[in-house]
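In the working numbering, the protein residues as written are 25 to 95. Every residue, glycine too, gets a C-beta built ideally from N, C-alpha and C.
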């Protein structure tokens with residue numbers, strides 16, 4: 025005899041935490057890949073830092089857009 029379990033609040037909280045972690049990893053991946061590309065192109069460390077910051081902002085905007093179109 026098997027019982028079906030309904031959605032649990034702690035399971036939902038765990039899913040939300042995992043989604044936030046995945047989003048943070050996505051934004052970091054976009055930022056670091058932009059910085060790596062700048063360094064590969066011969067940019068200075070200051071320029072690479074600026075590229076990383078810009079790509080982190082772009083990754084955040086992209087994550088927001090993806091979240092917006094999925095809802």
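Would residue 79 and residue 47 be called neighbours here (beta carbons separated by less than 8 Å)? no
Inter-residue CB distance, residue 82 and residue 54 (contact presumed, cutoff 8 Å): 6 Å
Should residue 75 go down as buried or exposed, given a rule of 16 or more other Cβ atoms within 10 Å for buried? buried
Given a cut-off of 8 Å on the beta-carbon distance, is the pair residue 90 and residue 51 in contact? no
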